[in-house]
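Structure record follows, encoded as structure tokens.
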Amino acid sequence: MHTFFRLLCGLLLLTLAGCVSVGELKQELNNRQSVATSLDQLDYRPLASEVPLSIKMNEQQAYLFPSGKSFAAGLAVPDVKNPHKLEISTYLTSSYIPSASVFVPRFLFLDAQKQIVGELGKYRLTRESDFWKGGYFHASVAIPASTSFVVMYTDENPEPVLGTMTDNGIEHALPHAPSGSVSLTLSKPFPADYDFSTAVIKDSVQTYSSSKADFFVVSRLQQAATNNSLQKTLQLNQGRGLTMTPYLVDQEVPTQKVSVQLLGRTHYAAPILALTNTVYEIKGDVEFTPQANKVYVVKGVLGEDYSAIWLEEQGTGNIVGNKIEKHGSTALGILEK
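Mapping to my numbering: the sequence shown position 9 is 158, numbers consecutive.
Below you can see the structure in the form of structure tokens.
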């Protein structure tokens, strides 16, 4: 027993030893001399299509941007004639969520003369996790055609403000870190006229109590399973007994014709509640063409006499695609729950 306790304490100390506060990271940046006085004096590492590149920001040069001092990673783009996508993973500074922070990158796009031709400060980041590397946020950003170089940096007030949940459902805001570990993967070139615009589909929930809710989610997108709100809620409420907190996620989709499978299902906080109560379920496929920058919401109703699920445009309530309906009971059998 004592050996197990000492082992547990040792693991906890190792975890906490890896925690570096935001204040310490800021002090490290403040102590770093800014060697480069212009963007053309930064070091630029080559990006190769579909080859991951790992970057530790505190190992990069410091540079004084108009928005303030930051570590700066210079990147060279191999094919400047066509646009690319850049897949970004920025990792939490600690696996202990209450002590964690995260580096939120900003980007400058430069031409062959290292003159600024564009910038990107606000974009979509989604929370992910890796068994070996821990929690991180993922983004996919477009690099415009004619971009020869990219500079990755940050500032004091990046957007969006990020947060995460612990495994017991407690939400934490994540402070912004001036440095961190980032993984980048450049796509193959896209056609010059490729449309990178996107829309968003949100899941929804109808909550009845602290232990019961009806979820309406995107369960499959273009035939591929999604990480939807039902799964997230199940994951983040493990070990909470007969209580749960719904956790809603959304899906980013291209503005091209897409096929989505919608799922409406009753969910309980514990399996024993599902076994002893009624679980309704309805699902079906919807095809539609999203419009750029629009937000769509999965809506539905579940009941003994009638169930339905559909997609509607946020704000107007207009239904897009077909409405999936069933008159009569959609209750699942004991072996289907």
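Yeah, the Cβ is synthetic: ideal placement off N, Cα and C, and Gly gets one too.
| Item | Value |
| --- | --- |
| Beta bridge counterpart(s) of F365 as assigned by DSSP | S353, G413 |
| Option nearest S478 by Cα separation, candidates P395, P327, E453, S408 | E453 |
| A373 in three-state terms, based on DSSP | strand |
| A461 to Q410 span [Cα, whole Å] | In the sequence under discussion, the amino acid at residue 461 is Glu, which differs from the Ala named in the question. When rounded, the distance between both Cα atoms is 14 Å. |
| Backbone CA spacing between V366 and H476 [nearest angstrom] | 20 Å |
| Test item: CB-CB of E236 and T334 under 7 Å | yes |
| Proximity of T427 and G329 at Cβ, strictly below 7 Å | no |
| Coil, strand or helix - E461 by DSSP | strand |
| First and last residue of the uninterrupted beta strand (DSSP E) at N467 | That residue, N467, is in no beta strand (DSSP E); it is neither H nor E in DSSP. |
| 3 or more residues per run - each beta strand (DSSP E) lying fully within the segment 165 to 253 | 193 to 195, 202 to 205, 210 to 214, 217 to 225, 233 to 240 |
| Buried or exposed by the 16-neighbour rule on C-beta atoms within 10 Å, applied to G223 | buried |
| Local conformation of Q526 per DSSP, three classes | Coverage of the chain is limited to positions 150 through 486, which leaves residue 526 absent and any answer about it impossible. |
| Assigned exposure category for L259 - 16 Cβ within 10 Å defines buried | buried |
| Outcome for T425 when other beta-carbon atoms lying within 10 angstroms are tallied against a minimum of 16 | exposed |
| Nearest-angstrom Cα separation, counted from L370 out to R194 | 35 Å |
| DSSP state of K381 mapped onto helix, strand, coil | helix |
| Straight-line Cα distance separating L178 from A211 | 7 Å |
| 7 Å Cβ cutoff met for L412 and K432 | yes |
| Cβ-Cβ distance between K491 and D189 below 7 Å | Nothing can be reported for residue 491, as the shown portion of the chain is limited to 150 through 486. |
| For Q405 and Q355, the rounded distance between their alpha carbons | 30 Å |
| Proximity below 7 Å, CB of V435 to CB of G470 | yes |
| Burial state of I265 (16 or more Cβ within 10 Å) | exposed |
| Neighbourhood of L213 by C-beta distance below 6 Å, restricted to the same chain and skipping five residues each side | S183 |
| A288, enclosing beta strand (DSSP E) - first and last residue | 283 to 292 |
| Residue burial classification, G449 (beta-carbon count within 10 angstroms, cutoff 16) | buried |
| Own chain residues within Cβ distance below 6 Å of P336, not counting five before or after | Reading off the sequence shown, one finds Ser at residue 336, where the question assumed Pro. Taken in chain order, the residues that qualify are H233, K234. |
| Buried/exposed call for T465, threshold 16 Cβ in 10 Å | exposed |
| Cβ neighbours of A291 in the same chain (closer than 7 Å, five flanking residues each side left out) | P232, K234, F345 |
| Own chain, CB closer than 8 Å to E277, minus 5 neighbours either side, in chain order | S238, G284, Y285, F286, H287 |
| Beta-carbon proximity of F364 to R414, cut-off 7 Å | yes |
| The beta strand (DSSP E) enclosing L422, as first and last residue numbers | Premise fails: L422 lies in the alpha helix (DSSP H), 420 to 425, not in any beta strand (DSSP E). |
| Local Cβ density within 10 Å of L163, reported as buried at 16 or more and exposed below that | Residue placement at L163 is poorly supported in this model, since its pLDDT is 40, which falls under 50; the coordinates still yield a value, given next. L163 should be labelled exposed. |
| Alpha-carbon to alpha-carbon, A294 and F388 | The question names Phe, but residue 388 in the sequence shown is Gly. Spanning the two alpha carbons is a distance of roughly 49 Å. |
| Coarse secondary structure for F298, derived from DSSP in three states | strand |
| Proximity of V349 and V444 at Cβ, strictly below 7 Å | yes |
| Nonlocal neighbours in the same chain, by C-beta distance under 7 Å from R273, ignoring five residues either side | A288, E401 |
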